[in-house]
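Residue numbers (our numbering), protein chains in the order written: chain A, 131 to 284; chain B, 131 to 284.
Note that beta-carbon positions come from the ideal geometry of N, C-alpha and C, so glycine has one too.
It should be emphasised that the depicted structure is a prediction, and the values quoted were computed from it without experimental measurement.
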DNA sequence: CTGATTGCAAAGAATTTGCACTGCT
DNA sequence: AGCAGTGCAAATTCTTTGCAATCAG
């Protein structure tokens, strides 16, 4: 129920920026901050409704849009493991990579200084001003890779 | 009109694998091989119809699926610059990164040995067996980054 | 010949929009 | 009080599916 320690208090942060905080927005923001899994719009709606029962789908999407524009959340596709939904997570200090297992569906997170180096290289060599990056990797997680071998898949 | 030199002849490659080559599939494959831009299902349909006028939307999607499963094409989101379409490209020897400019919409490609190193690191350290990766970067391309500064955006 | 592939039409999933009403600051 | 934000319902966009007819090998 309490926000994880390493995460900032988004509600205050946004209010300080002059963003209007409605109960609906508060509900969405709290859910997205407190739930560790990656949420799609549907589950976000479901969870936000526990706090603010009359909240509508449209408000969820509008709030997500707002948070994306403010750059406080990242949008993920997670390799479209389950349809074409998008998933959302609060931006972390260090960006991380998502490893999606096609076999068991688990999502692992991975971060690496090589990724940071790669991003600097991109800015430097392509003269590209990076606002957001998304690195998704699909394949088999360790456990499933072993099963693949046993079963002769690969 | 002629396929670019560095690309293999997919039709023969697939037939060798026992894949049935229909005129519809041939049309889709030829288009995807010959056109340099990233195509979404809609433009793929339009272009494939020039070769095989009665081809249907469903066949496009089914063929894309087939090619994805055979791992001869990659699916891209290109940062959802224009809606939620997906884009397709024939897999290249070396995977590359797509840089999407939010301002002018241009897509640049970038490849780097750091990316290859990062992928090895992921397999090694996470024990993850990588099948496909997608690295997309959004921001401002060189030209637009300059305009951003001039206009005080940033 | 025969099962894989296709076109068609309809359904489905995710997201967006127009508009009158509500409520934050 | 004023205007940004909301709920509702309908619309849009992209993709998938069921089924009878067709065709590649």
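Which first and last residues belong to the alpha helix (DSSP H) in which residue 161 of chain A is found?
-> 153-164
With 7 angstroms as the threshold, decide whether the Cβ of residue 252 of chain A is near any Cβ in chain B.
-> yes
Consult DSSP for residue 245 of chain A and reduce its assignment to one of helix, strand or coil.
-> helix
Kindly say whether residue 157 of chain A, judged by its beta-carbon, lies nearer than 7 angstroms to any beta-carbon of chain B.
-> no
Could you give the residue range of the beta strand (DSSP E) that holds residue 265 of chain B?
-> 259-270
In chain A, what lies closer than 9 angstroms to residue 214 of chain B by C-beta?
-> 214 and 216
From residue 213 of chain B to residue 228 of chain A, what distance separates their C-alpha atoms?
-> 23 angstroms
Roughly how many angstroms lie between the CA atoms of residue 222 of chain B and residue 225 of chain A, to the nearest whole one?
-> 26 angstroms
Work out the CA separation of residue 209 of chain B and residue 162 of chain B for me, nearest whole Å.
-> 20 angstroms
When Cβ atoms are compared, which residues of the segment 253-272 of chain A fall closer than 8 angstroms to chain B?
-> 255, 256, 257, 258, 259, 260, 261, 262, 263, 264, 265, 266, 267, 268, 269, 270, 271 and 272
Below 8 angstroms on the Cβ atoms is my guess for residue 252 of chain B versus residue 267 of chain A; work out the distance and round it to an integer in Å.
-> 6 angstroms
Counting Cβ pairs, one atom from each stretch, are 3 or more of them under 8 angstroms apart for the segment 235-244 of chain B and the segment 175-182 of chain B?
-> no
Compare the C-beta of residue 242 of chain B with all C-beta atoms of chain A and state if any pair is closer than 7 angstroms.
-> yes
Residues that residue 275 of chain A contacts on chain B, provided the C-beta gap is smaller than 9 angstroms | 257, 258 and 259
Span of the alpha helix (DSSP H) around residue 220 of chain B = From DSSP, residue 220 of chain B is part of no alpha helix (DSSP H) but of the beta strand (DSSP E) over 217-220.
Reduced DSSP category for residue 228 of chain A - H, G, I as helix; E, B as strand; rest coil = strand
Do you know how far the Cα of residue 249 of chain B is from the Cα of residue 215 of chain B?
-> 26 angstroms
Run of the alpha helix (DSSP H) containing residue 185 of chain A, from where it starts to where it stops | Counting along the chain, residue 185 of chain A falls outside any alpha helix (DSSP H), and DSSP gives it neither H nor E.
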